[in-house]
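For the sequence shown, position 137 matches number 574 in our numbering, and the numbering has no gaps at all.
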Amino acid sequence: MNLTGLFKNLPTLETDRLLLRKISPEDAADFFEFASDPQVALYTTWNPHQSVEQSRQTIKSILARYEAGEPGAWGLTLKTFPKLIGYCGLSHWEPDHRKASLFYFLGRTYWGQGLVTEAVRALLDFGFERMDLNRIEANGHPANRATFKVLAKASLHYEATYRQDFIKNGEFEDSEIWSILRREWEIIHNINTNQ
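Listed below in structure tokens is the structure:
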């Protein structure tokens, strides 16, 4: 399945309260606002951004993925207000194996409102409907219990803990792997695949 054109012209996704849209260079200040927060970066593989320029460079790499026709990031905005409040997306796409990983980051002001769960559900729908994936997984630091609540609400299941999976600040860190399969997503959506 060739999805290069789809990713070059990344469609806007809509939930009850959110728009998931392409990120643009004009988002740098908003991006820095959440990416510079130590609490947002605490359980990630990256450290808090130190400057708007660092956020600009991250946005440049996101734009390069769009241009290359690769899965990338959607910016998160409230429908009622266009400010970038986070980002999410699908990465580590393996088309031959029909799988990808999802990720998300949200400004702390917006935590605890169910927004990430909405975004994750939109990503799952996109991955299974538009990318024809069979498996979508997510990983997170074992101490980040809030993210696992989000994944459980979106019907992902815990699979394993990868010991010493990545290095952050010179220390090995574990990560938990959660996933959902197409057949599980179809059951949730009451899709009959035997027609």
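Built from N, CA and C at the ideal position, the CB exists for glycine as well.
In this text, all values refer to a predicted model and were calculated from it rather than measured experimentally.
Residue 556 and residue 513 closer than 8 Å at C-beta: Translated into positions along the sequence shown, residue 556 becomes position 119. Translated into positions along the sequence shown, residue 513 becomes position 76. In this structure, residue 556 sits near residue 513, with a CB-CB distance shorter than 8 Å.
Spatially closest choice to residue 505 from 581, 560, 443 and 533, by CA coordinates: As a working note, residue 505 is residue 68 in the sequence shown. With distances taken between Cα atoms, residue 505 lies closest to 443.
Residue 508 and residue 526 closer than 8 Å at C-beta: As a working note, residue 508 is residue 71 in the sequence shown. As a working note, residue 526 is residue 89 in the sequence shown. Going by beta carbons, residue 508 and residue 526 fall inside the 8 Å limit.
Of the listed residues 549, 454 and 492, nearest to residue 471 (C-alpha basis): The residue you call residue 471 lines up with position 34 of the sequence shown. Ranking 549, 454 and 492 by Cα distance to residue 471 puts 492 first.
Taking the continuous beta strand (DSSP E) assigned at residue 391, which residues delimit it? Outside the displayed span of the chain (438 to 632) sits residue 391, for which this structure offers no information.
Assumed close pair residue 599, residue 611 - CB separation to whole angstroms, cut-off 8 Å: If you number the sequence shown from 1, residue 599 lands on position 162. If you number the sequence shown from 1, residue 611 lands on position 174. About 6 Å; that satisfies the 8 Å criterion.
Using DSSP bridges, identify the partner residues of residue 539. One-based indexing of the sequence shown puts residue 539 at position 102. DSSP lists 527 as partners of residue 539.
Residues in the same chain with beta-carbon distance under 8 Å from residue 502, minus the five sequence neighbours each way, listed in chain order, please. By 1-based counting over the sequence shown, the position of residue 502 is 65. If we look at residue 502 and ignore the five residues flanking it on each side, its Cβ neighbours are 444, 508, 509 and 510.
Candidates 586, 532 and 573: closest to residue 550 by CA position: Within the sequence shown, numbered from 1, the residue matching residue 550 stands at position 113. Residue 550 has its Cα closest to that of 586, out of 586, 532 and 573.
Candidates 481, 459, 456 and 554: closest to residue 613 by CA position: The residue given as residue 613 occupies position 176 in the sequence shown. If we check each option's Cα against that of residue 613, 481 comes out closest.
With DSSP run on the structure shown, which of helix, strand or coil describes residue 547? Numbered from its first residue, the sequence shown carries residue 547 at position 110. Residue 547 falls in the helix class under three-state DSSP.
According to DSSP, which residues form a beta bridge with residue 599? Working through the sequence shown from its first residue, we reach residue 599 at position 162. Bridge partners of residue 599: 612.
Sorted by chain position, which residues of the same chain lie with C-beta nearer than 8 Å to residue 488's C-beta, five sequence neighbours on each side aside? In the sequence shown, the residue the question calls residue 488 occupies position 51. So the qualifying residues of the chain are 469.
Below 7 Å CB to CB, which residues in the same chain sit around residue 451 once its five sequence neighbours on both sides are set aside? Here residue 451 corresponds to residue number 14 of the sequence shown, with the count starting at 1. Excluding positions up to five away in sequence, the list is empty.
Length at least 4, wholly inside the region 462-497: the alpha helix (DSSP H) runs in chain order: 465-472 and 475-478
Close beta carbons around residue 464, own chain, < 7 Å, minus the five adjacent residues each side: Start at 1 with the first residue of the sequence shown, and residue 464 comes out as number 27. Result list for residue 464: 496, 512 and 521, in chain order.
Could you say which of 619, 454 and 500 lies nearest to residue 567 if we only look at CA atoms? As a first step, residue 567 must be located in the sequence shown, where it is residue number 130. Comparing Cα-Cα distances from residue 567 to each of 619, 454 and 500, the minimum goes to 619.
Go to residue 582, then tell me how far its beta strand (DSSP E) extends in each direction, as first and last residue. By 1-based counting over the sequence shown, the position of residue 582 is 145. Residue 582 -> not in any beta strand (DSSP E); alpha helix (DSSP H) instead, spanning 582-590.
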